[in-house]
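In our numbering, the protein residues as written are 926 to 1259.
Okay, structure first, notes after.
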């Protein structure tokens, strides 16, 4: 008797690229930005990142082994990347215990409670970041500044570029007077400013993002659509009233725009499958981000925008899913 034919679930296409290889490509892409963060913040950036990475790996191992009693997956690199991205969204000098709490939320709640890698709806690192922001707003919005002489952490904290703009406009200042207080475009590009440790250098993040596109880990559709849409929207407001709205270059180079566009929104698990879906997803992120930045009480909106659009991904995939193999298009008979 012949052996039975067993048909497994799709996909049936085999590739030499594994999840682990993809994760390590992302790791390599983040190295330039990480080096800039160490250059600016010194040992604090290294400690923060190390604690976040170790915490995420340990929590994933312990929860899978003793709580869920499922296969241990810490070697696939996903917990490592979650830890790094969580750290990149935190201010230098954040208390260690808060980093550990954020890691627990990212891994235990946002990832493993949904079933682990491939099943989570929301980006785990951003869930951890937003949880900390809601619970500890003072610590999460205290931005250490770098001393010009030795680039070591100063005891004084400074506002981010977007924070300075938001506060200045709220108290009746104009962009002409505010522009004297914020970093230049070159400083934003190189990263000698205040903010989360992973938001320092737009140039370093762009280099890593291009690497991911070249390696085909991500496609250009999400990051380019986000940045172009943000530039177009903020550009319209800026042209209408340049004294009330910042120019598009500031919005692109400051805050988490580039970090979110290339590394968070492109998460393979929490982003749409099709190119059309990716564009819709990216436009939504850009619109929500700009609305929060320009009209909300909070100066930054990338994290919230990505998480909100993560919730719409199943709906986007439903309406923009690719045609099934074997389906025929019915032609109209004239």
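Cβ atoms here follow ideal geometry from the backbone N, Cα and C, with glycine treated the same way.
Remember, predicted model here, so these are calculated numbers, not experimental data.
- Check the Cα spacing between residue 1174 and each of 1209, 1134, 1098 and 1112: the tightest is with 1112.
- The DSSP-derived three-state label of residue 1020 is coil.
- Judged by DSSP in its simplified three-state form, residue 1173 adopts helix.
- Rounded to whole angstroms, residue 1003 and residue 1087 show a C-alpha spacing of 31 Å.
- Just so you know, the alpha carbons of residue 956 and residue 1029 end up roughly 24 Å apart.
- Boundaries of the alpha helix (DSSP H) around residue 944: 944-966.
- Out of 1054, 974 and 1032, the CA that lies nearest to the CA of residue 1227 is found in 1054.
- Contact check between the stretch 1004-1013 and the stretch 1144-1159: fewer than three CB pairs, one atom from each, fall below 8 Å, which does not count as touching.
- DSSP places residue 1054 in the uninterrupted alpha helix (DSSP H) bounded by 1049-1060.
- Here residue 1069 carries a strand assignment [DSSP, helix/strand/coil].
- The C-alpha of residue 1001 is placed about 9 Å away from the C-alpha of residue 943.
- In the displayed model, residue 1121 falls within a strand according to three-state DSSP.
- Inter-residue distance for residue 1164 and residue 1132 is about 30 Å (C-alpha atoms, whole angstroms).
- Residue 1048 places its beta carbon less than 9 Å from that of residue 1035.
- Residue environment for residue 993: exposed (fewer than 16 other C-beta atoms within 10 angstroms of its C-beta).
- In the three-state reduction of the DSSP assignment, residue 1136 falls in the helix class.
- Collapsing the DSSP output to three states places residue 1245 in coil.
- Nearest in C-alpha terms to residue 1180, of all of 1084, 960, 1138 and 981, is 1084.
- By the Cβ-count criterion, residue 981 is buried, with 16 or more other Cβ atoms from all chains shown falling within 10 Å of its own Cβ.
- A direct Cα-Cα distance of roughly 41 Å separates residue 1098 from residue 1046.
- With 16 or more other Cβ atoms inside 10 Å of its own Cβ, residue 1171 counts as buried.
- Cβ contact annotation for residue 1093 (same chain, cutoff 6 Å, sequence separation greater than five): 1103, in chain order.
- Judged by DSSP in its simplified three-state form, residue 1214 adopts helix.
- A direct Cα-Cα distance of roughly 19 Å separates residue 973 from residue 1188.
- Taking C-beta separations shorter than 6 Å and ignoring five residues to either side along the sequence, the partners of residue 951 in its chain run 1006, following chain order.
- Taking C-alpha positions only, residue 1044 is separated from residue 978 by approximately 21 Å.
- Look at residue 1199 here: in three-state DSSP terms it is coil, with no helix or strand label.
- Between the stretch 1232-1240 and the stretch 1216-1223, the count of C-beta pairs closer than 8 Å stays below three; the two stretches do not touch.
- When DSSP states are grouped into helix, strand and coil, residue 969 belongs to the helix group.
- Rounded to whole angstroms, the separation of the alpha carbons of residue 995 and residue 948 is 21 Å.
- Cβ-Cβ distances below 6 Å link residue 1230 to 1210, 1213 and 1214 in the same chain, with the five nearest sequence neighbours on each side left out; the list follows chain order.
- For residue 1008, the uninterrupted alpha helix (DSSP H) segment begins and ends at 1003-1013.
- A contact between stretches requires three or more CB pairs, one per stretch, nearer than 8 Å, and the stretch 1104-1123 fails this requirement with the stretch 1132-1150.
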